[in-house]
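Position in the sequence shown (from 1) plus 32 gives the number in my numbering. Think of the CB as a built atom: it goes at the ideal place given N, C-alpha and C, for glycine as much as any other residue. Computed from a predicted structure; not experimentally measured.
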Amino acid sequence: MEHLSFLELAKILISFAICAPSGHNSQPWTFQITENQIIISPDFNKRLEVVDGSNRELFISLGCALQNLQTAATHYGYNSDYVYKEGKIYVNFYQQDNCEEDTLFNAIKQRHTHRGEFTGGIIPDELLQNIKTEENTNVLVVKAGEPSAEIICAKISEGNTIQMSDTAFKRELISWMRFNKKHIEETHNGLCYNVLGFPATPKPLGKKIVGMFLNPKAQNKTDDGVNASASHFAVFSVKENTEENWIALGKTLETFLLRITAEGLAYSFSNQPCEIPQLNAETKSQLNMEYYPSVIIRLGYGAAPKHLAPRENVF
Ligand SMILES: Cc1cc2nc3c(=O)[nH]c(=O)nc-3n(C[C@H](O)[C@H](O)[C@H](O)COP(=O)(O)O)c2cc1C
33 MEHLSFLELA
43 KILISFAICA
53 PSGHNSQPWT
63 FQITENQIII
73 SPDFNKRLEV
83 VDGSNRELFI
93 SLGCALQNLQ
103 TAATHYGYNS
113 DYVYKEGKIY
123 VNFYQQDNCE
133 EDTLFNAIKQ
143 RHTHRGEFTG
153 GIIPDELLQN
163 IKTEENTNVL
173 VVKAGEPSAE
183 IICAKISEGN
193 TIQMSDTAFK
203 RELISWMRFN
213 KKHIEETHNG
223 LCYNVLGFPA
233 TPKPLGKKIV
243 GMFLNPKAQN
253 KTDDGVNASA
263 SHFAVFSVKE
273 NTEENWIALG
283 KTLETFLLRI
293 TAEGLAYSFS
303 NQPCEIPQLN
313 AETKSQLNME
323 YYPSVIIRLG
333 YGAAPKHLAP
343 RENVF
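Next comes the structure, spelled out in structure tokens:
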């Protein structure tokens, strides 16, 4: 790709970075291109004050975007490294003569968070080994039905009961929902009706209807169904809660998600037990985890989505 200027290359790499997952699809990042670096900064205007008061999920999302950027760079013939200082991620690039093709590159634009139940199929152990490589030392993978999985499901249920009884949590969640096409086009972010499988409605009506369904009983019924159809659960953890560690965890998480995608598997998030401090501590202790649980996902098989979550234009 010698004919590309650094500016052109950087814009291409950023177009892959923004495909990363983020809490409520808030896309809490900004990008700056210098002569030879890309700088990723948190956008605190997008912070989720209620569900993510410590900004942990925000920095994990930045780590996911960073991993996409670096995976795409490999594809375009560049090795890269990064430094996190003074609240920003500085990414450096080094051109390689024979950079290996990164098999995960194609998965970047295909990756999506599965919505709804899985098919119920069980992932074979050898396939899981390809996904959970040795570098994933901070990932605990447990099979559905095992005692550890039962603990995770119980914590998800307790989390729903707490969050769905919390007016501030529900208000924040609804503020990130997009109820019709025009509403999506206004922001290109958030949790969209078509991705979630709802019919389009005018904003006020949508808010009213969603408000009626956001209660512990309804949410637990939905999550019980999804949990029962999952093959495995994975818990990602950090040794200490620092911004650096959350970014590194985001990189590990995104690599894991890209591998899942490349293998034709599906996943969804269920982060309630990590988000509520009391449940976080109980989950850590009941699962005998050394580190702090930070992200929980379910794994399984699922159909391709009809709609993908939108992304903002960052240029
Ligand atoms: C750190 C983090 C936590 C998340 N937590 C949840 C969650 O608890 N429940 C959920 O349904 N989705 C969760 N998501 C998924 C986002 O909603 C999703 O990434 C976003 O809507 C964009 O959709 P996509 O992943 O299909 O591109 C989380 C994502 C991240 C990065």
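Judged by DSSP in its simplified three-state form, CYS185 adopts helix. Distance from the Cα of GLN64 is smallest, within the candidate group LEU290, TYR122, ASN87 and GLY85, for TYR122. The segment 197-261 is shown to contain whole alpha helix (DSSP H) runs of 4 or more residues at 199-207, 213-219, 225-228, 235-245 and 248-261, in chain order.
Between PHE268 and VAL171 the beta-carbon gap is near 5 Å, inside 8 Å, which marks them as a contact.
In this structure, the beta-carbon distance from ILE72 to LEU98 falls below 8 Å. Cβ contact annotation for ALA52 (same chain, cutoff 7 Å, sequence separation greater than five): SER93, CYS96, ALA97, ASN100 and GLU286, in chain order.
Within the DSSP bridge table, the entry for LEU331 names HIS264 and TYR299 as partners.
Relative to ligand 1, the nearest heavy atom lies less than 7 Å away from the CB of PRO53. Contact between SER300 and THR145 holds, since their C-beta atoms are separated by about 6 Å, short of 8 Å. DSSP, read as helix, strand or coil, puts PRO305 in helix.
In chain order, ASN221 and GLU344 place their CB closer than 6 Å to the CB of GLN59, counting only its own chain and leaving out the 5 sequence neighbours on each side. Of the candidates LYS283, PRO305 and LEU36, LYS283 places its Cα closest to the Cα of GLN102. Under DSSP, the beta-bridge partners assigned to ASN124 are GLN69 and ASP113. In the DSSP assignment, LYS283 falls within the alpha helix (DSSP H) that extends over 275-294.
The three-state reading of DSSP puts SER269 in strand, counting E and B together.
Not one heavy atom of ligand 1 falls within 7 Å of the beta-carbon of CYS131. By the neighbour-count definition (other C-beta atoms within 10 Å, threshold 16), ASP75 is an exposed residue. Taking the Cβ of ALA341 as the reference point, at least one heavy atom of ligand 1 falls within a distance shorter than 7 Å. Going by C-alpha positions, ILE194 is about 24 Å away from PHE230. In the three-state DSSP reduction, LEU172 falls in the strand class (E or B).
Put simply, the backbone Cα of ASN252 is about 21 Å away from that of CYS224.
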